[in-house]
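Engineer: In the numbering used here, the protein residues as written are 27 to 304.
Cβ atoms here follow ideal geometry from the backbone N, Cα and C, with glycine treated the same way.
Structure incoming, see below.
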């Protein structure tokens, strides 16, 4: 079973002699020839189709046989192949989110309650990120790593919107109402790190498609700075470079050394996120 395939991942439907692939809002996306399926796409002979980490080739072969009622004498099939998608370097917009106070919170709940809370938060992340065209690379315990395979200003706007929703008080109203009934000291906060950089996208190993590279590591380090600086959302200078409108949404909070980086990073805090308790 492919863990990267959602329960309702995609559909393939026939319309006349064409077969159309549509993604159903899957967590990890559907791809045709390495291009994400954002709207219905018609399949052509030889197209490579990817759902999760499962890869297929679309065969459309004409055979000498009596035509059916519609007059079509061709056959079509999707067959599984041993296909390693090429690893390629892509300029990518990156987002790392992490729940704060999670250790203290989980200590006050049963294991079943913690699991239920994380399921609710995962669902919330999927709603926010997928509706803004992000690809969720993975959930890591109480964290999430997602990316957009481009760095257009419109993509940075989507990443900023996602950061606002995932980190803002409003985003956690439901979880707070649910969990504060038992203990008024429990609160759920998500902190976000945003970055842009070159990453390698593709199949790193059998059954494991992910984004890797130093830019990914830097994004995790930026998120970890949010606790030190007591801000919910931090973005790198790379995230704002070449995006003049973004300078109106973020304010410079200084230059800080980060683990594993020879040079310190200049970071910016999202201005209009409500203040939180840290």
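By the three-class DSSP mapping on this structure, what secondary structure does residue 117 have?
Structural biologist: The residue labelled residue 117 in the question sits at position 91 within the chain shown. Looking at residue 117 - three-state DSSP - the assignment turns out to be strand.
Engineer: Are the CB atoms of residue 171 and residue 222 nearer to each other than 7 Å?
Structural biologist: In the chain shown, residue 171 corresponds to position 145, counting from 1. In the chain shown, residue 222 corresponds to position 196, counting from 1. No, Cβ-Cβ distance for residue 171 and residue 222 is not below 7 Å.
Engineer: Could you pull out every residue in the same chain whose Cβ sits closer than 8 Å to the Cβ of residue 240, ignoring the five residues on either side in sequence?
Structural biologist: Working through the chain shown from its first residue, we reach residue 240 at position 214. 223.
Engineer: If you measure between the beta carbons of residue 53 and residue 166, is that distance less than 7 Å?
Structural biologist: Looking up residue 53 in the chain shown gives position 27. Looking up residue 166 in the chain shown gives position 140. No, Cβ-Cβ distance for residue 53 and residue 166 is not below 7 Å.
Engineer: Suppose you measure from the CA of residue 185 to the CA of residue 44; what does that come to, to the nearest Å?
Structural biologist: In the chain shown, the residue the question calls residue 185 occupies position 159. In the chain shown, the residue the question calls residue 44 occupies position 18. Spanning the two alpha carbons is a distance of roughly 35 Å.
Engineer: In whole angstroms, what separates the C-alpha of residue 50 from that of residue 156?
Structural biologist: As a position in the chain shown, residue 50 is number 24, starting the count at 1. As a position in the chain shown, residue 156 is number 130, starting the count at 1. For residue 50 and residue 156, the distance between alpha carbons rounds to 10 Å.
Engineer: What does a CB cutoff of less than 7 Å around residue 285 pick up in its chain, not counting 5 residues either side in sequence?
Structural biologist: Counting from 1 along the chain shown, the entry for residue 285 is found at position 259. Hits under 7 Å: 247.
Engineer: Are residue 58 and residue 73 closer than 7 Å when you measure CB to CB?
Structural biologist: Your numbering for residue 58 matches position 32 in the chain shown. Your numbering for residue 73 matches position 47 in the chain shown. Their beta carbons are under 7 Å apart, which means residue 58 touches residue 73 by this criterion.
Engineer: Assuming residue 173 and residue 115 are in contact, meaning their beta carbons sit under 8 Å apart, how far apart are those beta carbons, in whole angstroms?
Structural biologist: Here residue 173 is taken as the residue at index 147 of the chain shown, counted from 1. Here residue 115 is taken as the residue at index 89 of the chain shown, counted from 1. Not really, about 13 Å apart at Cβ, beyond 8 Å.
Engineer: What distance in whole Å lies between the Cβ atoms of residue 255 and residue 190, which are believed to be in contact at a cut-off of 8 Å?
Structural biologist: Position 164 of the chain shown, counted from the first residue, corresponds to residue 190. Position 229 of the chain shown, counted from the first residue, corresponds to residue 255. Not a contact, Cβ separation roughly 17 Å.
Engineer: Alpha carbons only, please: which of 35, 244, 153 and 84 is nearest the one belonging to residue 289?
Structural biologist: Position 263 of the chain shown, counted from the first residue, corresponds to residue 289. When each option's Cα is compared against that of residue 289, the closest is 244.
Engineer: Return yes when the Cβ of residue 282 is within less than 7 Å of the Cβ of residue 294, no when it is not.
Structural biologist: Here the question's residue 294 lines up with position 268 in the chain shown. Here the question's residue 282 lines up with position 256 in the chain shown. Cβ atoms of residue 294 and residue 282: not closer than 7 Å.
Engineer: Look at the alpha carbon of residue 47 and the alpha carbon of residue 137, and state the distance between them as a whole number of angstroms.
Structural biologist: Mapped onto the chain shown, residue 47 falls at position 21. Mapped onto the chain shown, residue 137 falls at position 111. Taking the straight line joining both Cα atoms gives about 40 Å.
Engineer: Relative to the alpha-carbon of residue 257, which residue among 274, 242 and 279 has its alpha-carbon at the smallest distance?
Structural biologist: Sequence index remark: in the chain shown, residue 257 carries index 231 (1-based). Ranking the options by Cα distance to residue 257, first place goes to 279.
Engineer: Would residue 145 be called buried (16 or more neighbouring beta carbons within 10 Å of its own) or exposed?
Structural biologist: Position 119 of the chain shown, counting from 1, holds the residue named residue 145. Answer is exposed; the Cβ neighbour count stays below 16.
Engineer: First and last residue of the beta strand (DSSP E) that includes residue 133?
Structural biologist: On the chain shown, residue 133 is found 107 positions in, with the first residue counted as 1. Note, residue 133: premise wrong, no beta strand (DSSP E); alpha helix (DSSP H) at 128-133.
Engineer: Grouping DSSP H, G and I as helix and E and B as strand, with all else coil, what is residue 154?
Structural biologist: As a first step, residue 154 must be located in the chain shown, where it is residue number 128. Three-state DSSP puts residue 154 in a helix.
Engineer: Relative to the alpha-carbon of residue 261, which residue among 292, 268, 164 and 133 has its alpha-carbon at the smallest distance?
Structural biologist: One-based indexing of the chain shown puts residue 261 at position 235. Of the candidates 292, 268, 164 and 133, the one whose C-alpha sits nearest the C-alpha of residue 261 is 292.
Engineer: What span of residues does the beta strand (DSSP E) with residue 244 cover, start to end?
Structural biologist: To locate residue 244, count along the chain shown from 1; it is residue 218. No beta strand (DSSP E) contains residue 244, which is instead part of the alpha helix (DSSP H) from 240-255.
Engineer: Assuming residue 249 and residue 219 form a contact by the criterion Cβ under 8 Å, report the distance between their Cβ atoms to the nearest whole angstrom.
Structural biologist: Looking up residue 249 in the chain shown gives position 223. Looking up residue 219 in the chain shown gives position 193. Confirmed, Cβ separation roughly 3 Å.
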